[in-house]
Structure formats: C-alpha cells, structure tokens
Amino acid sequence: MSASADGAGGTVSGRLGFTPGQVIQELGYDDDVDQDLREAIEDHVGGELVDEDYDDVADAVLLWWRDGDGDLVDALVDALRSLADGGVIWVLTPKAGRAGHVEPSDIGEAAPTAGLAQTSHVSAAADWSGTRLVAPKAARSKR
Numbered sequence: 001m002s003a004s005a006d007g008a009g010g011t012v013s014g015r016l017g018f019t020p021g022q023v024i025q026e027l028g029y030d031d032d033v034d035q036d037l038r039e040a041i042e043d044h045v046g047g048e049l050v051d052e053d054y055d056d057v058a059d060a061v062l063l064w065w066r067d068g069d070g071d072l073v074d075a076l077v078d079a080l081r082s083l084a085d086g087g088v089i090w091v092l093t094p095k096a097g098r099a100g101h102v103e104p105s106d107i108g109e110a111a112p113t114a115g116l117a118q119t120s121h122v123s124a125a126a127d128w129s130g131t132r133l134v135a136p137k138a139a140r141s142k143r
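If you're matching positions, the sequence shown starts at 1 in our numbering and goes up one per residue.
Pasting the structure below:
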C-alpha cells in the first residue's frame, strides 16, 4: 500500500473500517481523486469500487466532494439509496488550503438534514480528509 493509503492512521481497514468482501460504491469520481487510496481500498476489500450506476446494495459509499459540486444534502440523500442497513458514507473532501476545500461545518450541517450523524473524521490521503456518516440508530430501526 502507498504512504497515502497506509499513513500514520494505519491501514485502510483501520482508518475507514472496510473489510474484505464488502461492496464499496464510489460517487463523485473525477481526475483529482487519490488513486493510491482507491487502489488500496480495492486491494483490501478484494474487488473493484462500483460506480453510480450500480443497482444493488452497497456496504459503504465513498463520496468525493468538493466546494462547488452542488448541494451536499442532495448528494447524501442520493448516496443513501443503495446503502445497506448499518452501512456508512465516507465524505472525502480536499484538505484545507487545497482547491475545492469544504469546511467541516458544511458537512456537519448537511448530515442531519439528510438523516445522518457524523461519527469521525480522518486524514484519508495526502490531499483528502474523510468524514464518516451513519444513519442514527433510531432511524435505522425504522427503515
């Protein structure tokens, strides 16, 4: 694994919580994503990331998000459509000082509106931060 995918926070599994065999859906892919992180996740789960056209249930969603990408609440609601019960959404945003940086408060405000709760924040790669979002337990039990 590369330094960006296996940095100070440990392995991809340790930092993002992915396990072998999981289906990870990737949304917001563009030229600026961290390819080393993508490859490390694929190696760890033992399969390719699936895209927005995937029409089955995903165990987790990677949402690459930049300032100017649109309405984050709408993107989060869309990400929930194929997410398995108990699944997580990782919102990956450019770190402070990089083009497209998103203020953490923007994610903190959008998450509850989309029915999600923020649980943790990690340095996902050299240029990307990750914010972990989950459906609150009360909401999950109603689904």
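Cβ atoms here follow ideal geometry from the backbone N, Cα and C, with glycine treated the same way. A quick note: this is a predicted structure, and the numbers were derived from the prediction, not measured.
| Asked | Found |
| --- | --- |
| Any 3 or more C-beta pairs closer than 8 Å across the segment 39-49 and the segment 68-83 | no |
| Local conformation of Pro-112 per DSSP, three classes | helix |
| Strand pairing of Trp-128, partner residues [DSSP] | Pro-94 |
| Three-way DSSP call (helix, strand, coil) for Ser-123 in this model | strand |
| Limits of the beta strand (DSSP E) - the one that Gln-25 falls within | 24-27 |
| Sub-9 Å separation of Asp-32 and Arg-81 beta-carbons | no |
| Buried versus exposed call for Glu-145 [16 or more other C-beta atoms within 10 Å across all chains shown] | The requested residue 145 is not part of the displayed model; the chain covers only 1 to 143. |
| Residue(s) in a DSSP beta bridge with Ile-41 | Answer is none; Ile-41 lacks a bridge partner. |
| Proximity winner among Glu-103, Ala-84 and Arg-98, relative to Val-134 (alpha-carbon distances) | Ala-84 |
| Close-in-space but distant-in-sequence residues of the same chain around Thr-204 (CB under 6 Å, 5 per side omitted) | Lying before the first or after the last residue shown, residue 204 is absent from the chain, which here runs from 1 to 143. |
| Enclosing beta strand (DSSP E) for Val-61 [first to last residue] | 58-64 |
| Reduced DSSP category for Ala-117 - H, G, I as helix; E, B as strand; rest coil | strand |
| Sequence-distant residues of the same chain with beta carbon closer than 7 Å to Asp-127, five excluded per side | Asp-34, Pro-94, Lys-95 and Arg-98 |
| Close-in-space but distant-in-sequence residues of the same chain around Ala-111 (CB under 6 Å, 5 per side omitted) | Gln-118 and Leu-133 |
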